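Chemist:
Residue numbers (this note's numbering), protein chains in the order written: chain A, 1 to 432; chain B, 1001 to 1339; chain C, 2001 to 2480.
(1) Closer than 8 Å, Cβ to any Cβ of chain B: which residues of the stretch 2404 to 2437 of chain C, in chain order?
(2) Who are the neighbours of residue 315/A on chain C, taking C-beta pairs under 8 Å?
(3) Decide if residue 419/A is buried, meaning its Cβ has at least 16 other Cβ atoms within 10 Å, or exposed.
(4) Do residue 2147/C and residue 2357/C have their C-beta atoms within less than 9 Å of each other?
(5) Taking the C-alpha atoms as reference points, what is the distance between residue 1286/B and residue 1234/B?
(6) Could you tell me which chain B residues have their CB closer than 8 Å to the CB of residue 2141/C, listed as they occur along the chain?
(7) What residue range is occupied by the uninterrupted alpha helix (DSSP H) comprising residue 265/A?
(8) Considering only C-alpha positions, which residue in the set 136/A, 140/A and 133/A is nearest to residue 124/A?
(9) How is the beta strand (DSSP E) around residue 1212/B delimited, first residue to last?
(10) By a C-beta neighbour count over all protein chains shown, 10 Å radius and 16 as the cutoff for buried, is residue 2352/C buried or exposed?
(11) Determine contact between the stretch 316 to 332 of chain A and the stretch 238 to 258 of chain A, defined as no fewer than three beta-carbon pairs at a distance below 8 Å.
(12) Quick one: residues in its chain with C-beta nearer than 8 Å to the C-beta of residue 1174/B, no 5 flanking neighbours on either side, listed in chain order?
(13) Mind checking which residues open and close the beta strand (DSSP E) that includes residue 1160/B?
(14) How would you list, in chain order, the residues of chain A whose beta-carbon sits under 9 Å from the beta-carbon of residue 2149/C?
(15) How far does the alpha helix (DSSP H) with residue 166/A in it extend, from its first residue to its last?
(16) So what's residue 1301/B in DSSP terms, helix, strand or just coil?
(17) According to the neighbour-count rule (16 or more other Cβ atoms, all chains shown, within 10 Å of its Cβ), is residue 2368/C buried or exposed?
(18) Which residues in the same chain have their Cβ closer than 6 Å to the Cβ of residue 1219/B, if we skip the five residues on either side of it in sequence?
(19) Is it buried or exposed for residue 2322/C, if we count other Cβ within 10 angstroms and need 16 for buried?
(20) My understanding is that residue 1246/B touches residue 1064/B, with C-beta atoms under 8 Å, so please give their C-beta distance in whole angstroms.
(21) When you compare each of 1282/B, 1210/B, 1095/B and 1086/B to residue 1103/B by their alpha carbons, which one comes out closest?
(22) If we call anything under 9 Å between Cβ atoms a contact, is residue 2346/C one with residue 1188/B?
(23) Given a cut-off of 9 Å, decide if residue 2095/C and residue 2459/C are closer than it, judged by their beta-carbon atoms.
(24) Got a sec: which bits of the stretch 2059 to 2074 of chain C sit with their beta carbon under 8 Å from any beta carbon on chain B, in order along the chain?
(25) Could you give the uninterrupted runs of the alpha helix (DSSP H) lying entirely in the stretch 2066 to 2149 of chain C, keeping only those of 4 residues or more?
(26) Going by other Cβ atoms of all chains shown within 10 Å of its Cβ, with 16 needed for buried, is residue 53/A buried or exposed?
(27) When the Cα atoms are used, what is the spatial distance from residue 1004/B to residue 2431/C?
(28) Cα separation between residue 39/A and residue 2389/C?
(29) Provide the residue span of the beta strand (DSSP E) that contains residue 47/A, from first to last.
(30) Report the residues of the stretch 46 to 67 of chain A with a CB closer than 8 Å to any CB of chain C, ordered along the chain.
(31) Is it the case that the Cβ atoms of residue 2396/C and residue 2372/C are separated by a distance below 9 Å?
(32) Look at the alpha carbon of residue 2493/C and the alpha carbon of residue 2046/C, and state the distance between them as a whole number of angstroms.
(33) How many angstroms separate the CA atom of residue 2134/C from the CA atom of residue 2359/C?
(34) Could I get the ranges of all uninterrupted beta strand (DSSP E) runs contained in the stretch 1217 to 1262 of chain B, with 3 residues as the minimum, in chain order?
(35) So is residue 1057/B in contact with chain A if we call contact Cβ pairs under 9 Å?
(36) With 16 other CB atoms within 10 Å as the buried threshold, where does residue 2070/C fall?
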């Protein structure tokens, strides 16, 4: 070891160098840009192409939206003001706002009723959607259908009250008898409910609806986005229990019941919703007793409920099949009978697995409610394609109206699907 | 909303079933409302205005019947129907009568089992083309693209016409008048064909009505009229004679302005007296109050007034009376006598 | 004598029907059967009474009557004098046509969007996410109407193509984009046309042979051949060559000579290769060269050698020329419309495009889920082996992802078929519009028409589900 080397070293670092900031290309926005947008030449080209696409879209749409007119009374007036410039004529939305939301026949002084029902819907849905809320709120959820029916249709409050009584009576009977046997409770409840309905139905005076607190609104007068919401909410909530029953029926070891369910599910899933709506609009009337008419809204609800319950049944069947066999065997070994096993062990787990699927079906169903416009019901799309576009003032305003419809549906459906993803994440942490 | 809708409707259906069964006239009286089927929207004939109030020539007939039966011209529930749903709606009893510019044809009368109670508008199928196309006759339309409203007789007439003249065309079937209009204006079809009255009504809503012409050819007979179900003669009579009352009123010079005076007491013209119920018991024969026809006429005026107000030359639709003038003026509108 | 006696015979009690599991299921089924029978009887009875009251009956005789209406989009011969049954068949074919087309394009859109959504490029993956969310959350009916409106309101009408100051013009003088549809040139069947078709078919075989050769070569020697652009070249170049071969006799002579040389050369190679292949049956090279040479020899013979000879001698006979080209008839503005060429109608395009872009968004989600279902370890292991990203995708990820992707993909196809019934919103003559629309309206036979309509859709979806079950069970076997 010679120290010559030491002498040749001109400089020795005797203090630590303060950590230098990373090179400019490795920090902050530059790094992010380089890694996420220009990682490779191909990637860079893609980025430029994408930017150009965004530019094209915004270049056309932004001036159109921000230059939009909100206060004219007809398309001709819009055109006059715009003088050939390209801009939206949103006045159709302000002018026909109520028609778009409530249809053209719902009495204007009663608009507060669907509004209240709409707000209450969130209150009623909250305890179902968010498990952290106090369970007592579920009582309101149970009452909500009757309140909403009364609010929207009006007329005598007796009808929803009697309906509620029937269900309560049925529930009581079920509670009483289910200890001895599920079957006894089940059939007992159904019989009780029907007895109450029929007896009380005869007691309701015929003119009960005439001077009711809330004037009756025939269901034919419902329309606009309200109709979509109502069909969506009603049919999804009705089809959930039916779907569970169908799914259990399909798994049943009783051949007759199994085959009834299989045929029903496969039949409904095999045909498009629109043919079922044709059935509702042109065929179903022949299957009701002669001289009685069941209004179109109810017929459509029946068909859409059948439709969605078949899909929900398949989702729940998937949930049932995903449960390990041990769960079934465990329930059996505890000596639980079928009803108890299902109620306490199988269904809570199976439903939990199926929630994302059920939400998917619900979103799909809500979107499909627009199909009722094909059978001359005036839902949001029906209003746009029918009375509004046909009117002299607004003949030719497509983009504003269709864009508005698309936006409404997007907000609702995207909201629901975000909720479903939140739920999925939450349930996933529960498992691990 | 859940079960209560179902249940509520079941009770209502049950109640309805209990009350019903007798006949349409009793049904309507018991219900206090007339269910009248109309189109989903054809300006001049039946269309809801900005406030959702139905207006138009066909609507006027519905209102007249409601006024005759119930004494209240507003006691009408208008049921919008498409070409597809209208006949089922009538056959299944969802509506009591259909006043939806429906053509009286053999097969609808005999095969579909409906009764046309009369004709309220003599129409024919015509063609509308943009003026700058330079077409002056339908026979020059070889190879044209034609918009038609599907589910109507026009579809069949069109096929027959082009086949008979041995020229070709391309049909574009459209569900509603509004969409047909959109297609036609965008130039997706060269020609729009439907009843001439409908064409005039549609043209009236255009930005530039003068830029479109109706071709002279009328390729079919389209007697449009209200219809009811087969087999309920009592109801059929009510609707038929309400329509006739409107026609007779015009013939006899009874209008909505002078009817109050003329109907107050029996006048010099016995037919007017019989019509307005100041003489005889025609109303009773129909099962209606004596002033049924008076109510019907007061609802919207006589036939001529309805025509002028909704589709006549002073309106934007601007249809001349033509075939629809009274028989005394050389038209086809003719009512049997009230006797 | 048995020591164990049978248990004492219990007398049957009524309560056993509910409490005894042996009888309970029978009780339930009996009740179900009773309820079912009662409701069928009730509905049937109502139907009969209603029909009697209306004076109607159920009969399918109307199917044989002349339909009386015209259909603008038809794959088989049809006019207004044809029967309702034939109109229904036209509708069925149209439904199948649009469903088939939409399935193909929806798959393309979906796979593209699904893969791009996982792209490293932040912007691209965000754009794809927006595409998926927007299209998934807005009803398909609204999309169909929007796209149809774009078709009719944005594209020019045929009138815009007319006159000296036309505002629109045809693309390449052979494609016309109008709001009534898109007109494209139509191939005309000439004597040369068959050659083009044969060439194209052979090219397809050639592509497969080449890929197989590349794979075999890779396994045998480890040498990697590019597959992408050569496949494309094999597919396109020969066909293009045939399409644009001029029909000048001098060219024909020249090509006859070239063809002969090529033909003989290729045949020689083929015989050599077959010999090679026979000697070492496992030799990858021999295998490929044999296949490709036979193909080449045939191709060369047919369109360089054989046809040129034929055409040359034919031209000597003085009967005019044998045209070796595929000819196209371009659409031209005539009267009100374009005529000639193939018309792809506006409603078809609107429905086709709307269905594919809507379903594409769903397929994109399936594809993404499928790719993400392949565990990251698989990708990492493949990278560790030194595979390039493209090969990781092709060889490791996709084969595993496909198993997850295909079952939901097939049910999306089913959805497309069912959603095609929305055709009536745009005036496309599918089966819902003919049988369930115009026929129903004109005859008033609502029950019969709707039943037939349901039967058709049911058959289609049962067929597709049957296929899906077969597929599912076939991939199940491979699972461990």
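No residue lacks a Cβ here, since even glycine has one placed at the ideal position from N, Cα and C. Keep in mind that this is a model prediction, so the values were computed, not measured.
Modeler: Concretely, from the data shown:
(1) Answer in chain order: 2424, 2425, 2427, 2429, 2433 and 2437.
(2) Contact of residue 315/A with chain C by beta-carbon distance below 8 Å is absent, the smallest such distance being about 12 Å.
(3) With a threshold of 16 other beta carbon atoms within 10 Å, residue 419/A falls short and is exposed.
(4) Yes. Within cutoff.
(5) Spanning the two alpha carbons is a distance of roughly 7 Å.
(6) For residue 2141/C, none of the residues of chain B pass the 8 Å Cβ criterion, the least Cβ distance being about 12 Å.
(7) It spans 255 to 270 - the alpha helix (DSSP H) in which residue 265/A sits, taken as one unbroken run.
(8) Nearest of 136/A, 140/A and 133/A to residue 124/A, Cα basis: 140/A.
(9) In this chain, the beta strand (DSSP E) harbouring residue 1212/B covers 1212 to 1214.
(10) By the 10 Å Cβ count, residue 2352/C comes out buried.
(11) The stretch 316 to 332 of chain A makes contact with the stretch 238 to 258 of chain A, as at least three CB pairs between them are under 8 Å.
(12) The residues are 1147, 1148, 1149, 1150, 1180 and 1183.
(13) Run containing residue 1160/B: none in the beta strand (DSSP E); it sits in the alpha helix (DSSP H), 1153 to 1164.
(14) Per Cβ cutoff of 9 Å: 398, 399 and 402.
(15) Residue 166/A -> alpha helix (DSSP H) spans 158 to 177.
(16) For residue 1301/B, the three-state secondary structure derived from DSSP is coil.
(17) Counting Cβ neighbours within 10 Å, residue 2368/C comes out buried, since at least 16 surround it.
(18) So the qualifying residues of the chain are 1125, 1157 and 1161.
(19) Bear in mind that the predicted position of residue 2322/C carries a pLDDT of just 49, short of 50, making it too unreliable to give a figure here.
(20) Rounded, the Cβ-Cβ distance is 6 Å, consistent with contact.
(21) Nearest of 1282/B, 1210/B, 1095/B and 1086/B to residue 1103/B, Cα basis: 1086/B.
(22) A contact, by the Cβ cut-off of 9 Å.
(23) It is not a contact, given that the beta carbons lie outside the stated cut-off.
(24) Cβ contacts with chain B come from 2068, 2069, 2070, 2071 and 2072.
(25) If we require 4 residues or more, the alpha helix (DSSP H) runs fully inside the stretch 2066 to 2149 of chain C come out as 2084 to 2117 and 2122 to 2136.
(26) Residue environment analysis places residue 53/A among the exposed positions, since fewer than 16 neighbouring C-beta atoms fall within 10 angstroms of its C-beta.
(27) Because the pLDDT at residue 1004/B is just 40, under 50, the model does not fix this residue reliably, and the value given afterwards should be weighed accordingly. The straight-line gap separating the alpha-carbon atoms of residue 1004/B and residue 2431/C is approximately 37 Å.
(28) Distance between the alpha carbons of residue 39/A and residue 2389/C: 14 Å.
(29) Looking at the DSSP string, residue 47/A is not in any beta strand (DSSP E); the run it does join, the alpha helix (DSSP H), is 41 to 66.
(30) Cβ contacts with chain C come from 46, 47, 50, 51, 53 and 54.
(31) Cβ atoms of residue 2396/C and residue 2372/C: not closer than 9 Å.
(32) Given a span of 2001 to 2480 for chain C in the structure shown, any question on residue 2493/C remains unanswerable.
(33) Here the alpha carbons of residue 2359/C and residue 2134/C stand approximately 12 Å from one another.
(34) You should have 1222 to 1224 and 1227 to 1229.
(35) No - not a single Cβ of chain A is within 9 Å of the one on residue 1057/B.
(36) When all chains shown are included, residue 2070/C counts as buried.
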